[in-house]
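Asks: Handing you a structure now.
Residue numbers (the working numbering): 7 to 720.
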């Protein structure tokens, strides 16, 4: 046994749902892979890498770079056609890892530039999808992978084929593999459209049982001390699992999905209102794989139940703030309503509860019977709490500024687009607030309805993380030009390189078909796309914002902007100010769900320390610039412009200082009533940014205004 032996699959403690999902895909790769969601340090990667050692060895055509099966070679293989008596070679199933920073060329393959330029031939250099054919493609931190690469990878996984059309190359080759992605939801979510492309999903969390945690640590220390010896101690269990996978694969074609089982599959998918029919197909395939794994020739209701627990939770998300999960009681009701009359039930299940084969237990951290997602873990990526945040005022229950008394009795301004008319402050509105406030002076402030906001972007052209907000030079996008390569060479611009070398061929003594190149001929492509930005929200949570239920509209607007940031792949942060200080509610993160939760829990009341809030935001931007200098910031200040603690002059100076730091600023003016003081506009002018009224945030109502201001903010 090699000293670099992998951690044995059978030595992984707990995480029964994760192991079951991986084994289901090992039996039937057509299920579509598995997405593993969970907190850091829960052995997600360990379990995935251990799976590869259990897969049966395979034969491939000798010399074929695409791993064709000699019994059924790919007729479109670029290295083919392979003769009927092609020489086979034995090899283990491959585990191919796709790094987060991989390029499109590395993933799908590209023109072999060296041979094209030196020999004058068109040759294809295969990528990682070709290497993963008939094996496992593993993507750690898949949520951090660029969406363009995720789309390519999931398309290949769904079709079993990789199609490359670029740089004069037209290639199609087989790419059937077990796709496994792991992610920490705290670092950001995948879009619901991409989540749906993974066959199964599992939530994992560390166990809270001290004895089980001790066993995990004990085994890990033993493995690190003597990897080969530790792996040798689990050889028997590993051989049994590998043999069982081989037997289940042979049994799978004979498994029968009865009409009754199919009705249960479709009834469950309909009951949970999942979009499309992919969920039904995946659930049916997973149920058949489970039956084969459990040595059955017919799908039972237990197989349907476990398949649904693994295939439906991530497909129920319609909003990025929704938490994936599955209600076990609702699942049972759906099965019963479909006519659950299976006489076998779990009697034929050779695996007892608590084993990875039974699939009845949750992840590392629970018993799987929590009424949530059925995986027993704490689960990351939870959506925002349904309850609204709280509001708190100072002793007088007001901001205390002169502007507050000037607006007594004013009618509220029109709500932002897409939001219902709010109740005016009078006998009903304000009295109800005071009733809810109680003796402690706290108020509840629910979030208004969300809407599609305007696009705010950072001016100029950046070079930050790929996204969908501001213009930037990115590895993807349209080619806008070519240049001599710098220190970090980008993708080669083939036509520009050829044009640079062509005039010198006679002088260089070219006689053959190949092109005579010099280093100075090389040109790299300059591509323009969109980048993701750091969107830092600085929200006024003072008493003046709580008055007249204005905070409800503000929360709805900020939630809309958070949703926009999610779709544009931004990092987000949240700073609030109330009382006497600014406070960092959420440090910059890729998890906009965390921002939504903090916003729901936001308390309001007290004076308005506007200068302190701006200085706190400036400090967050300064620290984040040191951490990620390429990601340009966009500051969204949500306030009515009042400064009843620290003074307005201090706030204006702080805004001017932020503008001098090359920070794009958008001030959302929350001032209401027929008489407006224009304080927010003064702040925006000092920061060199733009002021937008709260009721003007909706994109639908301002199509003309957006066109008119794009030149200023984009």
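Note that the Cβ used here is the ideal one computed from N, Cα and C, for glycine as well.
#1: Measuring only the C-alpha atoms, how far is residue 393 from residue 605?
#2: Cβ atoms of residue 210 and residue 39: under 7 Å apart, would you say?
#3: Of the residues 536, 523, 521, which one's Cα is nearest the Cα of residue 475?
#4: Buried or exposed: which applies to residue 467, given that a residue is buried once 16 or more other Cβ atoms fall within 10 Å of its Cβ?
#5: Out of 247, 645, 226, 319, which has the shortest C-alpha to C-alpha gap to residue 698?
#6: Name the two residues that bound the continuous alpha helix (DSSP H) containing residue 266.
#7: Which two residues bound the contiguous beta strand (DSSP E) that contains residue 96?
#8: Consult DSSP for residue 591 and reduce its assignment to one of helix, strand or coil.
#9: Three Cβ pairs or more, each shorter than 8 Å: is that satisfied between the stretch 70 to 86 and the stretch 224 to 233?
#10: Looking only at its chain, what residues have a beta carbon closer than 6 Å to the beta carbon of residue 348, apart from the 5 residues adjacent to it on each side?
#11: For residue 401, is the classification buried or exposed, using 16 other Cβ atoms within 10 angstroms of its Cβ as the cut-off for buried?
#12: Since residue 112 and residue 134 should fall inside the 8 Å C-beta cutoff, what is the C-beta to C-beta distance between them, to a whole number of angstroms?
#13: Could you please give the first and the last residue of the uninterrupted beta strand (DSSP E) stretch that includes residue 132?
#14: Which residues mark the beginning and the end of the beta strand (DSSP E) in which residue 64 is found?
#15: Provide the residue(s) that pair with residue 236 in DSSP beta bridges, ordered along the chain.
#16: Can the beta-carbon of residue 68 be found less than 7 Å from the beta-carbon of residue 95?
#17: Quick one: Cα of residue 63 to Cα of residue 532, how far?
#18: Considering only the alpha carbon of each residue, which of 479, 19, 300, 180 lies closest to residue 220?
#19: Measuring straight from C-alpha to C-alpha, what distance separates residue 528 and residue 158?
#20: Distance check for residue 503 and residue 185, CA to CA, integer angstroms please.
#21: Which first and last residues belong to the beta strand (DSSP E) in which residue 179 is found?
#22: Tell me the DSSP bridge mates of residue 671?
#23: What residue range does the beta strand (DSSP E) around residue 115 cover?
#24: Within 10 angstroms of its Cβ, does residue 405 collect 16 or more other Cβ (buried), or is it exposed?
#25: So what's residue 37 in DSSP terms, helix, strand or just coil?
#26: Round the Cβ separation of residue 166 and residue 101 to the nearest angstrom and send it over; I've been treating them as touching at under 8 Å.
#27: Return helix, strand or coil for residue 319, following the three-state DSSP convention.
#28: Here's the rule I'm using: 16 or more other beta-carbon atoms within 10 Å means buried, otherwise exposed. How should residue 90 be labelled?
#29: Just to confirm the assignment, what range does the alpha helix (DSSP H) spanning residue 294 have?
#30: For the beta strand (DSSP E) containing residue 184, name the first residue and the last one.
#31: Using the Cβ count rule (16 or more neighbours within 10 Å means buried), how would you classify residue 512?
#32: Could you spell out where the beta strand (DSSP E) holding residue 208 opens and where it closes?
#33: From the DSSP output, read off the bridge partner residues of residue 489.
#34: Rounded to whole angstroms, what is the Cα-Cα separation between residue 214 and residue 129?
#35: In chain order, what residues of the same chain have a beta carbon less than 8 Å from the beta carbon of residue 297, not counting five sequence neighbours either side?
#36: Whose CA, out of 471, 314, 680, 702, lies closest to the CA of residue 534?
Replies: This is what the structure gives:
#1: Taking the chain shown and counting its residues from 1, one reaches residue 393 at position 387. Taking the chain shown and counting its residues from 1, one reaches residue 605 at position 599. At residue 393 the pLDDT is 38, less than 50, meaning the model places this residue with poor confidence; the figure from the coordinates comes in the next sentence. Their backbone Cα atoms lie some 11 Å apart in a straight line.
#2: Translated into positions along the chain shown, residue 39 becomes position 33. Translated into positions along the chain shown, residue 210 becomes position 204. Not a contact, by the Cβ cut-off of 7 Å.
#3: Taking the first residue of the chain shown as position 1, residue 475 is located at position 469. Selected option, being the one with the closest Cα: 536.
#4: As a position in the chain shown, residue 467 is number 461, starting the count at 1. Under this definition residue 467 is an exposed residue.
#5: Your numbering for residue 698 matches position 692 in the chain shown. The option with the nearest alpha carbon to residue 698 is 645.
#6: Residue mapping note: residue 266 aligns to position 260 of the chain shown, counting from 1. Note, residue 266: alpha helix (DSSP H), 265 to 277.
#7: Here residue 96 refers to the residue found at position 90 of the chain shown. Here the beta strand (DSSP E) through residue 96 covers 94 to 97.
#8: Translated into positions along the chain shown, residue 591 becomes position 585. Reduced to three states, the DSSP call for residue 591 is strand.
#9: no
#10: For the purposes of this step, residue 348 is taken as the residue at position 342 of the chain shown. Because the pLDDT at residue 348 is just 46, under 50, the model does not fix this residue reliably, and the value given afterwards should be weighed accordingly. If we look at residue 348 and ignore the five residues flanking it on each side, its Cβ neighbours are 306, 307.
#11: Within the chain shown, the letter at position 395 stands for residue 401. Legend: pLDDT at residue 401 = 38, less than 50; position of this residue unreliable, value from coordinates given subsequently. Answer is exposed; the Cβ neighbour count stays below 16.
#12: Mapped onto the chain shown, residue 112 falls at position 106. Mapped onto the chain shown, residue 134 falls at position 128. 6 Å between Cβ atoms; contact.
#13: Counting from one through the chain shown, the residue named residue 132 turns up at place 126. Per DSSP, residue 132 belongs to the beta strand (DSSP E) from 130 to 132.
#14: Position 58 of the chain shown, counted from the start, is the residue given in the question as residue 64. It spans 64 to 67 - the beta strand (DSSP E) in which residue 64 sits, taken as one unbroken run.
#15: Locating residue 236 in the chain shown gives position 230, where the first residue counts as 1. Its beta-bridge partners do not exist; DSSP assigns none.
#16: Indexing the chain shown from 1 puts residue 68 at position 62. Indexing the chain shown from 1 puts residue 95 at position 89. For residue 68 and residue 95, yes; Cβs fall inside 7 Å.
#17: Stepping through the chain shown from its first residue, residue 63 is reached at position 57. Stepping through the chain shown from its first residue, residue 532 is reached at position 526. Residue 63 and residue 532: Cα-Cα distance of roughly 44 Å.
#18: Translated into positions along the chain shown, residue 220 becomes position 214. For the residues 479, 19, 300, 180, the minimum Cα distance to residue 220 belongs to 19.
#19: Counting from 1 along the chain shown, the entry for residue 528 is found at position 522. Counting from 1 along the chain shown, the entry for residue 158 is found at position 152. Rounded to the nearest angstrom, the two C-alpha atoms are 28 Å apart.
#20: By one-based count along the chain shown, residue 185 stands at place 179. By one-based count along the chain shown, residue 503 stands at place 497. So the two alpha carbons sit approximately 37 Å from each other.
#21: Along the chain shown, one-based indexing puts residue 179 at 173. Looking at the DSSP string, the run of the beta strand (DSSP E) that includes residue 179 is 175 to 180.
#22: Stepping through the chain shown from its first residue, residue 671 is reached at position 665. Paired residues: 641.
#23: Here residue 115 refers to the residue found at position 109 when the chain shown is read from its first residue. Segment 115 to 117, the beta strand (DSSP E) holding residue 115.
#24: Stepping through the chain shown from its first residue, residue 405 is reached at position 399. Residue confidence is low: residue 405 scores 42 on pLDDT, short of 50, so the model does not pin down where it sits. Its coordinate-derived value is still stated next. Buried is the call here.
#25: Walking along the chain shown from the start, residue 37 turns up at place 31. Of the three classes helix, strand and coil, the one that applies to residue 37 here is helix, per DSSP.
#26: In the chain shown, the residue the question calls residue 166 occupies position 160. In the chain shown, the residue the question calls residue 101 occupies position 95. Not really, about 19 Å apart at Cβ, beyond 8 Å.
#27: The residue you call residue 319 lines up with position 313 of the chain shown. Reduced to three states, the DSSP call for residue 319 is helix.
#28: Stepping through the chain shown from its first residue, residue 90 is reached at position 84. It is exposed - the Cβ of residue 90 has fewer than 16 other Cβ atoms within 10 Å.
#29: Translated into the one-based positions of the chain shown, residue 294 becomes position 288. Looking at the DSSP string, the run of the alpha helix (DSSP H) that includes residue 294 is 284 to 299.
#30: Within the chain shown, numbered from 1, the residue matching residue 184 stands at position 178. Segment 184 to 189, the beta strand (DSSP E) holding residue 184.
#31: If you number the chain shown from 1, residue 512 lands on position 506. Under this definition residue 512 is an exposed residue.
#32: Taking the first residue of the chain shown as position 1, residue 208 is located at position 202. Where residue 208 is concerned, the enclosing beta strand (DSSP E) stretches over 206 to 210.
#33: Looking up residue 489 in the chain shown gives position 483. 530.
#34: For the purposes of this step, residue 214 is taken as residue 208 along the chain shown, with counting starting at 1. For the purposes of this step, residue 129 is taken as residue 123 along the chain shown, with counting starting at 1. Whole-angstrom Cα-Cα distance: 55 Å.
#35: Here residue 297 refers to the residue found at position 291 of the chain shown. Once the five neighbours on either side are set aside, the close Cβ partners of residue 297 are 261, 303, 304, 305, 306, 309.
#36: Position 528 of the chain shown, counted from the start, is the residue given in the question as residue 534. Measuring from the Cα of residue 534, the nearest candidate turns out to be 471.
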